[in-house]
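A.B. asks: What follows is a structure written as structure tokens; I'll ask about it next.
Protein chains: 2
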Amino acid sequence: MSTATAATGEHVTQPAGGAHERFFAAGRTQLVDEHDRVLWQTLQRLTEGGKRFRPLLLSRTYAALGGEDQELAATIGEAVELLHTAFVIHDDVIDGDLVRRGRPNVGGVFSRRAAAVGASQERARNYGDAAGILAGDLALAGAVREVALSGAPPAVVVRLLDLLERVLHRSAAGELADVRVSLTGDASLADVLAIAEWKTAAYSFQLPLQAAAILAQAGDEVVAALEEVGRSLGLAFQLRDDLDGVFGEVEQTGKDPLCDLREGKCTALITVARSTHLWDELAPYVGAPDLTPEGAVRARELLVACGARAAVEAMVSELRAAAVAAIRGLPCAAADALLEMVDLLVPRHTPAVTIREHAGAASGGRQDVRGAA
Amino acid sequence: MSTATAATGEHVTQPAGGAHERFFAAGRTQLVDEHDRVLWQTLQRLTEGGKRFRPLLLSRTYAALGGEDQELAATIGEAVELLHTAFVIHDDVIDGDLVRRGRPNVGGVFSRRAAAVGASQERARNYGDAAGILAGDLALAGAVREVALSGAPPAVVVRLLDLLERVLHRSAAGELADVRVSLTGDASLADVLAIAEWKTAAYSFQLPLQAAAILAQAGDEVVAALEEVGRSLGLAFQLRDDLDGVFGEVEQTGKDPLCDLREGKCTALITVARSTHLWDELAPYVGAPDLTPEGAVRARELLVACGARAAVEAMVSELRAAAVAAIRGLPCAAADALLEMVDLLVPRHTPAVTIREHAGAASGGRQDVRGAA
């Protein structure tokens, strides 16, 4: 259930000063005690760093559609990033994760503080969960507030808040579905793609793209086209992230390549593999907490041999092509800017892989996938 | 950590039609699947029923301050109620509660759904927690959105959103502190009162009162006076609720009178008792999950005998008097309306108690309390 983290090639690691600083400075005037201060500091730290491709997608699209108030675009971009932070924090509580990007997240910081005053492991965990829920709440409410007070014209604010509401519903439904399929482990490929669309494409792609169009007061047909661009691009991004999670190099993705396999994450890659004749051989490696590096090499070989890797690569290509086709229907300058962003977010070339390729093994699951994609 | 539930004497159990219906109808157009539909229905059910004294406090104060747009006041009142629902839902996740007002809450509904498809108890619980976090998120974002789109003049919306932000920070800090003091069980009376102020008085009293003044475009001195009214009234309400939780009749409070004692809730009543000479005798009854009705009778006798009950009753009277004094500084019509509300929310007379009173035992803890209150 982790949020997509594929490398974008170009990192924008510092938040735009204005809106971000204003938000956290305003919050600092409200703090009531030391614990509250630590909560706020931890929240601020979690909004910094990261790839910040959402504000970039928003501001570039906005400018390409003729928008001239980059400060306004940056404010909405910060709100989207704050929403992302809220989702990540609540996602970590739901998943029971205490670490994010190699450092303690909200739950990690606060469960340690509880342990330091002698709380049992269970109670410390509960305190960490409470802090995570509350910090996420502050970020979420902050995101809606920042949009409402962005200074955009009133009619634009209404449209932005409507878009935000739609995205919130989809994200919640996607997160819920993601937890649900992990209960039974029998998700279909259609389920997995719907979850990726609701949980990732909606807020990370459709929201910044469509917010940019609404801000630039582009026509309804542009806003509608960007919904399709966001859907295809978001799905391609998520599926590429799933591939990177298993086949990527740690230097490139920043993720331990054994992590997704150990967790048994219900990705498109695994779902396709489950429908193939090699699944019985592969299954013991998936979701094995004690998976060894040698076991992971074997699992990767099997994911290639059963055709799942090629099938998902093909889906990425198709979704990328669908995004490009939808982009070509946009005004020229916007199309040019977005084609650049596609290359940045879903590079055309497959990432380096750590195992030898099985040249003849790439067709197994492909028919299944095309049927469902 | 449960939210205050003292009977108000006058119940307003049906939400004002307009804003409430519009919000849930708009949400229904966003649903993506059956599970999402159940989430939304459960959320709507949880916003209905209850005492709804916050919208009442807001609309009466608004009218008394000369406000004439009752529909607008009702919309903001619904937003406050939605915020309350969000807090209650997240509070239940934090406390691990699956029932609210005798019916399954969000976590209860969704953990049962998971169990029905064969999930283990732990996984079903995790699914219920996820649903609770997500439903609370939708309610919280909805509350901010409803204020932003209420149709109030733009400058009023800004002031309302600033008030809301302040209240959100305090509520989060209060909830966090509430979980924290339960870790060590050594909260001082000052801690307990600060938690009640941040966690209950801020959003349930200061928010509706001050929002009413902002909406009615009352002067800054009125808004400031209402902060003090809300603080005193909210604390009095919470302390009365704590007394009712132990000494009240179930017919009157709707709460099992053994519940707070069994849970070992860190209330002002218990905190005062802890500082008295009878604590060693009382302690075994507090936080005893298997407390019997006979044990509860003995615990109540000891809470009276040690002076804790009288001390907290005295604090309620003092806080009530402070609220009344602050109210008398308001314009006449507003003062009259609020004095009525004080009688409704914190009735002057002590509720019926189920044990015999110990006439001579009421002075033990009082000095401590006055010092801290």
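If you're matching them up, the sequences are chains A and B in order.
Reminder that position 68 of the first sequence reads as 55 in the working numbering, one-by-one numbering, no gaps.
Reminder that position 173 of the second sequence reads as 160 in the working numbering, one-by-one numbering, no gaps.
Quick reminder that beta carbons are idealized off the backbone N, C-alpha and C, glycines included.
Distance cutoff 9 Å, beta carbons only. Does T171(A) sit that close to anything in chain B?
C.D. replies: yes
A.B. asks: If you measure from the beta carbon of A117(A) to each beta carbon in chain B, is any gap under 9 Å?
C.D. replies: yes
A.B. asks: Classify V143(A) as helix, strand or coil using the three-state DSSP reduction.
C.D. replies: helix
A.B. asks: Extract the residue ranges of the alpha helix (DSSP H) inside the region 209 to 276 of chain A, only unbroken runs of 4 or more that lie entirely within it.
C.D. replies: You should have 237 to 240, 246 to 250, 255 to 261, 266 to 269.
A.B. asks: For the alpha helix (DSSP H) that contains W185(B), what are its first and last residues?
C.D. replies: Run containing W185(B): none; DSSP gives neither H nor E here.
A.B. asks: For V86(A), name the three-state secondary structure that DSSP assigns.
C.D. replies: strand
A.B. asks: From the DSSP output, which residues share a beta bridge with P91(A)?
C.D. replies: V86(A)
A.B. asks: Could you tell me which chain A residues have their CB closer than 9 Å to the CB of G14(B), listed as they occur along the chain?
C.D. replies: E152, H156, listed in chain order.
A.B. asks: Quick check: the Cα distance between A359(A) and V233(B), rounded to an integer number of angstroms?
C.D. replies: At A359(A), the pLDDT of 31 sits below 50, so the modelled position is not reliable; the number obtained from the coordinates is stated separately. The alpha-carbon atoms of A359(A) and V233(B) are separated by roughly 59 Å.
A.B. asks: Cutting at 6 Å between CB atoms, please list the residues of its own chain near F192(B), excluding the five before and the five after it.
C.D. replies: G217, L220, G221
A.B. asks: Of all the beta strand (DSSP E) runs that stay within the bounds of the region 97 to 145 of chain A, which reach a length of 3 or more residues?
C.D. replies: none
A.B. asks: Below 8 Å on the Cβ atoms is my contact criterion, and I expect A312(B) with A51(B) to pass it. Report the Cβ-Cβ distance as a whole number of Å.
C.D. replies: In this structure A312(B) does not touch A51(B) by the C-beta definition: roughly 18 Å separates them, more than the 8 Å allowed.
A.B. asks: Would you give the residue range spanned by the alpha helix (DSSP H) that F40(A) belongs to?
C.D. replies: 40 to 51
A.B. asks: Let's test the definition: count the other Cβ atoms within 10 Å of the Cβ of P280(B) and tell me whether it reaches 16, buried, or not, exposed.
C.D. replies: Looking at its Cβ environment, which holds fewer than 16 other Cβ atoms inside 10 Å, P280(B) is exposed.
A.B. asks: Is A198(B) close to chain A? Criterion is C-beta to C-beta, closer than 9 Å.
C.D. replies: no
A.B. asks: Are the C-beta of H22(B) and some C-beta of chain A separated by less than 9 Å?
C.D. replies: yes
A.B. asks: Assuming P244(B) and A292(B) form a contact by the criterion Cβ under 8 Å, report the distance between their Cβ atoms to the nearest whole angstrom.
C.D. replies: About 18 Å separates the beta carbons of P244(B) and A292(B), which is beyond the 8 Å limit, so they are not a contact pair.
A.B. asks: Throw me the rounded Cβ distance for the Q17(B) and H156(A) pair, which I believe falls under 8 Å.
C.D. replies: 4 Å
A.B. asks: Report the neighbours of R110(A) on chain B: residues whose CB is nearer than 7 Å to its CB, in chain order.
C.D. replies: L170
A.B. asks: Going along chain B, which residues have a C-beta under 8 Å from E162(A)?
C.D. replies: Here the neighbours are A117, L121.
A.B. asks: Taking Cβ-Cβ distances shorter than 9 Å, what residues in chain A pair up with H77(B)?
C.D. replies: Near H77(B) (Cβ distances below 9 Å), the residues of chain A are A117, I120, L121, D124.
A.B. asks: Compare the beta carbon distance of E65(A) and E133(A) with 9 Å and say whether it is the shorter of the two.
C.D. replies: Yes, Cβ-Cβ distance for E65(A) and E133(A) is below 9 Å.
A.B. asks: Is it right to say Q57(B) is buried, meaning 16 or more other beta carbons lie within 10 angstroms of its own, or is it exposed?
C.D. replies: exposed
A.B. asks: What residue from Y272(B), R9(B), N92(B) has the CA that sits closest to R112(B)'s CA?
C.D. replies: Looking only at Y272(B), R9(B), N92(B), the smallest Cα-Cα distance to R112(B) is reached by N92(B).
A.B. asks: Check whether the Cβ of V273(A) lies closer than 9 Å to any Cβ atom in chain B.
C.D. replies: no
A.B. asks: Tell me which residue opens and which closes the alpha helix (DSSP H) that V19(A) is part of.
C.D. replies: From DSSP, V19(A) is part of no alpha helix (DSSP H); its letter is neither H nor E.
A.B. asks: Checking 9 Å against the spacing of the C-beta atoms, do T363(A) and L196(A) come in under that value?
C.D. replies: Because chain A here runs from -12 to 360, residue 363(A) falls outside it and cannot be looked at.
A.B. asks: Hey, L289(A) and F40(A) are a contact pair by Cβ (cut 8 Å); roughly how many whole angstroms apart?
C.D. replies: No, L289(A) and F40(A) are not in contact; Cβ-Cβ is about 32 Å, not under 8 Å.
A.B. asks: Does any C-beta atom of chain B lie closer than 9 Å to the C-beta of A177(A)?
C.D. replies: no
A.B. asks: Smallest Cα separation from V299(A): which of L147(A), E109(A), P276(A), T258(A)?
C.D. replies: T258(A)
A.B. asks: Would you check if the region 173 to 192 of chain A and the region 249 to 265 of chain A touch, i.e. whether three or more CB-CB distances between them fall below 8 Å?
C.D. replies: Between the region 249 to 265 of chain A and the region 173 to 192 of chain A, the count of Cβ pairs shorter than 8 Å is three or higher; the stretches touch.
A.B. asks: Measuring alpha carbon to alpha carbon, tell me which residue in S262(B), R90(B), L85(B), G123(B) is nearest L30(B).
C.D. replies: G123(B)
A.B. asks: What's the gap between the Cα of V187(B) and the Cα of G37(A)?
C.D. replies: Looking at the sequence shown, residue 187(B) is not Val but Thr. Whole-angstrom Cα-Cα distance: 36 Å.
A.B. asks: Pick helix, strand or coil for Q204(B), following the three-state DSSP scheme.
C.D. replies: Collapsing the DSSP output to three states places Q204(B) in coil.
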